[in-house]
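Structure first, then comments.
Protein chains: 2
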Amino acid sequence: MNPAPRYHEYQTTGSTQALKDSEKEPKEQTMASRTRKSPEVRRAEITQAAAHLISQHGYNGISLKDVADMVGMSQPGVLHYVGSKEGLLSLLVTDIYDANGTPEEFVQTGLPGSDPDHPHLPAYFDYLVAHNAGQPELTQLYTVLETEAISTNHPLHDYFLRRPEEVWEHYSKFPWALPDGMDWSRDMQDSVRMSVEVMDGIQIRLLREPKIDYVQEWNLFKDLLFPLPLWDGCR
Amino acid sequence: MNPAPRYHEYQTTGSTQALKDSEKEPKEQTMASRTRKSPEVRRAEITQAAAHLISQHGYNGISLKDVADMVGMSQPGVLHYVGSKEGLLSLLVTDIYDANGTPEEFVQTGLPGSDPDHPHLPAYFDYLVAHNAGQPELTQLYTVLETEAISTNHPLHDYFLRRPEEVWEHYSKFPWALPDGMDWSRDMQDSVRMSVEVMDGIQIRLLREPKIDYVQEWNLFKDLLFPLPLWDGCR
DNA sequence: ATGATTATCTAATGGTTGGTAGATATGGTT
DNA sequence: AACCATATCTACCAACCATTAGATAATCAT
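As they're listed, the protein sequences go chains A and B. For the first sequence, position 166 matches number 165 in numbering that gives the first Met the number 0, and the numbering has no gaps at all. For the second sequence, position 6 matches number 5 in numbering that gives the first Met the number 0, and the numbering has no gaps at all.
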């Protein structure tokens with residue numbers, strides 16, 4: 000009994016992993032039947048599993064085996080799609096990037112009570128916060144990665160290092176509506192930077208007890224950063 | 000040549016580590032001479048090395064070997080002091096804990112212009128921020144750990160989860176001076192929570208380009224969170 | 001049906017990891 | 001000078017890691 004496994008016999012994975020068994024996909028696999036899916040579907044599954052695992056354990060905290068287990072295939076199976084562990088992260092980032100909206104989307108769409116030609120910065124932040132609040136896992140993923148990327152040899156180190164400058168330049172491309180007498184480059188640099196800091200701070204707080212509401216918390220800060228008498232006509 | 004190493008021959012460590020060679024201690028070790036130090040000194044060296052490495056790469060991002068290399072001894076040598084990798088983290092935390100001041104220190108010491116019997120919350124935050132700004136490595140260590148501890152199986156997970164409540168209870172023990180008509184429990188809960196969020200947000204931003212000044216940035220927020228007309232007499 | 005393509009697998013490799021066992025040498029005490 | 005306690009080392013281990021090589025089977029086009 001229990002002979003040396005013949006070549007094409009499948010084996011149940013007996014993991015001693017940091018991953019809790021309850022977290023694994025219930026992909027029972029019904030022994031000896033390979034399920035073959037289209038690359039698009041598989042890539043999506045892998046991305047989703049990676050997002051879930053990395054948002055919880057960080058990039059350094061997971062292995063390709065963890066992802067493979069969750070998606071119900073072997074570790075080299077995953078590697079076939081992502082090329083390397085770093086490839087997994089790249090795939091994840093680019094995938095999320097074009098699946099989520101940027102300011103353009105907001106500017107085109109607009110928000111109730113805002114002039115599409117002259118969007119308001121605080122209104123956009125409202126939109127952004129609501130968007131993030133509705134995707135807690137992705138938001139957590141971002142928070143985890145942005146701190147993990149402190150390490151100079153982390154694949155995303157440079158990306159996050161340059162982030163503030165990139166954010167500012169990106170925002171500067173839009174014709175934001177401002178209170179009378181205010182100048183974008185002169186007066187809004189602090190506001191944008193501080194708003195990002197606030198959101199990062201709230202996102203850390205979101206992971207703690209007792210729970211708070213992202214939107215509600217942001218509104219408290221919004222009243223401070225964009226006070227009503229001044230921004231009355233622009234909110 | 001290159002015979003099987005005899006038992007008591009020392010060997011130069013040939014690492015293929017994630018740790019840059021330039022980061023290693025220049026402990027040349029002059030071959031075949033064990034340097035024996037007092038446990039207190041060694042423990043301090045280990046703590047310092049761990050703080051440095053973990054603040055940069057996270058707990059998951061380093062190995063005991065990394066610490067050993069930096070401190071100039073073998074990996075089991077380090078293990079002799081910390082017992083396990085988790086023990087290293089415990090040692091680090093408790094060590095930092097009693098090496099750094101808590102609000103008590105401030106309340107006793109006071110600050111220029113503040114009544115020792117009735118300290119002011121914004122004044123304490125000024126002190127705290129200045130303290131943290133002066134210890135960038137420890138501050139970064141805190142930021143890294145608090146996000147890494149998102150993972151439910153991270154040794155510090157529960158600690159950070161409970162942090163907000165603990166902070167509030169701790170602060171609530173002091174006879175803070177408040178503006179007229181204000182009640183600590185009723186009116187200051189938001190301020191305390193938001194201040195912590197702001198500091199966490201700033202500390203993330205500190206790791207990015209272009210550089211900002213912690214104290215200066217905090218002052219911007221302080222003016223918003225503790226506005227002058229109201230807190231005039233308490234700052 | 002046949003065959004090409006390729007998604008997926010098993011097996012194996014070289015390296016690192018945290019941790020253990022036991023030898024050795026060092027510094028302080030007698 | 002002899003000795004003890006222990007700090008530190010070398011050697012070893014089992015587990016895990018990312019990655020490669022090559023076999024196999026599922027799907028699709030013909």
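Cβ atoms here follow ideal geometry from the backbone N, Cα and C, with glycine treated the same way. These numbers come from a predicted model, not from an experiment.
Since residue i and residue j are thought to touch, with beta carbons under 8 angstroms apart, how far apart are those beta carbons, to the nearest angstrom?
i: I53 (chain B); j: V81 (chain B); result: About 13 angstroms; that fails the 8 angstroms criterion.
i: G86 (chain A); j: V197 (chain B); result: Contact doesn't hold; Cβ gap of about 37 angstroms is too wide.
i: W230 (chain B); j: P102 (chain B); result: At roughly 18 angstroms, the Cβ-Cβ gap does not stay under 8 angstroms, so W230 (chain B) and P102 (chain B) are not in contact.
i: P154 (chain A); j: R207 (chain B); result: With a Cβ gap of about 17 angstroms, P154 (chain A) and R207 (chain B) do not count as contacting.
i: I149 (chain B); j: V143 (chain A); result: 6 angstroms
i: L224 (chain A); j: S194 (chain A); result: 6 angstroms
i: F159 (chain B); j: E145 (chain B); result: 5 angstroms
i: Q188 (chain B); j: W167 (chain B); result: 7 angstroms
What is the residue span of the alpha helix (DSSP H) that residue i lies within?
i: F124 (chain A); result: L120 to A132
i: I45 (chain A); result: P38 to H56
i: E145 (chain B); result: P135 to E147
i: H169 (chain B); result: R162 to Y170
i: N218 (chain A); result: Y213 to L224
i: T108 (chain B); result: P102 to T108
i: G86 (chain B); result: K84 to A98
i: G71 (chain B); result: Counting along the chain, G71 (chain B) falls outside any alpha helix (DSSP H), and DSSP gives it neither H nor E.
i: L229 (chain A); result: L227 to W230
i: R204 (chain B); result: Q188 to R204
What I want to know is whether the C-beta of residue i ends up closer than 6 angstroms to one or more non-hydrogen atoms of the ligand NAD.
i: V81 (chain B); result: Absence of the ligand NAD is noted for the structure shown, with no ligands found whatsoever.
Who are the neighbours of residue i on chain A, taking C-beta pairs under 7 angstroms?
i: H56 (chain B); result: S150
i: F159 (chain B); result: R207
What residues from chain B crowd round residue i, counting only those whose CB sits closer than 7 angstroms?
i: L95 (chain A); result: For the record, residue 95 (chain A) in the displayed sequence is Ile; it is not Leu. The premise fails here: I95 (chain A) is roughly 18 angstroms from chain B at the closest Cβ pair, so nothing lies under 7 angstroms.
i: R162 (chain A); result: R207
i: E147 (chain A); result: G57
i: L140 (chain A); result: Residues of chain B passing the Cβ test: none, with the nearest at roughly 10 angstroms.
i: G60 (chain A); result: N59 and S150
Which residues share a DSSP beta bridge with residue i?
i: E176 (chain B); result: First, the amino acid is wrong: residue 176 (chain B) is Ala here, not Glu. DSSP output for A176 (chain B) lists B:H119 as bridge partner(s).
Return the CA-CA distance between residue i and residue j, expressed in angstroms with no decimal places.
i: L78 (chain B); j: D94 (chain A); result: 42 angstroms
i: E147 (chain A); j: D179 (chain B); result: 44 angstroms
i: S89 (chain B); j: H117 (chain A); result: 54 angstroms
i: Q28 (chain A); j: G71 (chain A); result: Because the pLDDT of Q28 (chain A) is 41, which lies under 50, any placement of that residue in the model is unreliable, and the number read from its coordinates should be weighed accordingly. Taking the straight line joining both Cα atoms gives about 8 angstroms.
i: Q55 (chain A); j: I211 (chain A); result: 19 angstroms
i: R42 (chain A); j: W175 (chain A); result: 38 angstroms
i: L91 (chain B); j: Y123 (chain B); result: 25 angstroms
i: A49 (chain A); j: V191 (chain A); result: 31 angstroms
i: T108 (chain A); j: H130 (chain A); result: 14 angstroms
i: L140 (chain A); j: R35 (chain B); result: 45 angstroms
i: P75 (chain A); j: Q74 (chain B); result: 32 angstroms
i: D222 (chain B); j: K172 (chain A); result: 29 angstroms
i: P226 (chain A); j: F220 (chain A); result: 9 angstroms
i: D244 (chain A); j: E165 (chain B); result: One cannot answer for residue 244 (chain A) here, as it falls past the ends of chain A, which runs 0 to 234.
i: T138 (chain A); j: R161 (chain A); result: 19 angstroms
i: K64 (chain B); j: N152 (chain A); result: 18 angstroms
i: Y96 (chain A); j: Y126 (chain A); result: 17 angstroms
i: I203 (chain B); j: A98 (chain A); result: 25 angstroms
i: S83 (chain A); j: E104 (chain B); result: 51 angstroms
i: P228 (chain A); j: H119 (chain A); result: 15 angstroms
i: D68 (chain A); j: N59 (chain A); result: 17 angstroms
i: D310 (chain B); j: V214 (chain B); result: This structure gives no information on residue 310 (chain B), because the portion of chain B shown stretches from 0 to 234.
i: I61 (chain B); j: H51 (chain B); result: 11 angstroms
i: C233 (chain A); j: H169 (chain B); result: 40 angstroms
Anything in chain A within Cβ reach of residue i, meaning under 8 angstroms, just list it in chain order.
i: E196 (chain B); result: V197, G200, I201, I203, R204 and E216
i: D189 (chain B); result: L219
i: L224 (chain B); result: L223
i: M181 (chain B); result: Those within 8 angstroms of M181 (chain B) in chain A number zero; the least Cβ separation is about 17 angstroms.
i: M72 (chain B); result: Here the premise fails: no neighbours, minimum Cβ distance about 24 angstroms.
Using the beta-carbon of each residue, which ones in chain B are nearer than 8 angstroms to residue i?
i: N131 (chain A); result: The contacting residues do not exist; N131 (chain A) stays about 14 angstroms from chain B at best.
Interface residues of chain A around residue i at Cβ under 9 angstroms?
i: V166 (chain B); result: None at all; the shortest Cβ gap to chain A is about 10 angstroms.
Find the residues of chain B that neighbour residue i, judging by a C-beta separation of less than 9 angstroms, and give them in chain order.
i: V143 (chain A); result: T146, E147, I149 and S150
i: M69 (chain A); result: Correct list: empty, because the minimum Cβ distance to chain B is about 15 angstroms.
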